[in-house]
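Written out below as structure tokens is the structure these notes cover.
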Amino acid sequence: MALGAVPLLVSLLQADLDEALKEQAAATLSCLAAFYATNRSSIIDAGALPLVVELLGASEVSTVKEAATLLSNLGKTYAREVLEAGGMSSLEDMLTMTQDDSVREVVSEALKTLQGGVGQSLISD
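Start counting the sequence shown at 20; every next residue gets the next number (this note's numbering).
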């Protein structure tokens with residue numbers, strides 16, 4: 020059932036909709052991605068990565084945090100893809116630009132997850 024919801028949730032990220040709706044879609048996708056690799060695969064296949072990276076530039080702190088958390092969860096399996104989509108550099112930019120400590124904390128955790136995943140990916144290649 021969750022897999023069927025993924026394309027709809029991803030479409031909410033790309034729609035010209037209220038930022039709060041995009042935040043909720045990102046939060047739901049993040050929950051789906053947190054524990055199951057099949058969900059992460061479905062989210063990647065649905066084209067979510069560039070949309071999530073774009074959400075890092077949102078005006079609401081809560082939306083930025085959800086986007087960073089989703090990138091972190093996707094990075095558990097797809098760190099290289101997140102890197103290639105510009106996720107890591109966007110997170111690094113966010114870390115230096117934001118004054119919000121709660122955003123810095125979430126972004127720092129996402130970067131740690133991604134750096135570990137990219138390192139593992141490079142070792143296994």
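Note that CB positions come from ideal geometry on N, CA and C, so glycine has one too.
S108 is the residue among V25, S108, L28 and K131 whose C-alpha sits nearest the C-alpha of G76.
In the three-state reduction of the DSSP assignment, Q33 falls in the helix class, which pools H, G and I. Annotation for A104: L68, P69 and V72 place their beta carbon closer than 6 Å to its own, counting only its chain and skipping 5 residues before and after. Cβ atoms of G136 and G94 come within 8 Å of each other, at about 5 Å. Between E124 and S81, the CB-CB gap reaches or exceeds 7 Å. In the three-state reduction of the DSSP assignment, D119 falls in the coil class, being assigned neither a helical nor a strand state. In this structure, DSSP gives A86 a helical state, which the three-state scheme calls helix. For L75, the secondary structure class from DSSP, reduced to helix, strand or coil, is coil.
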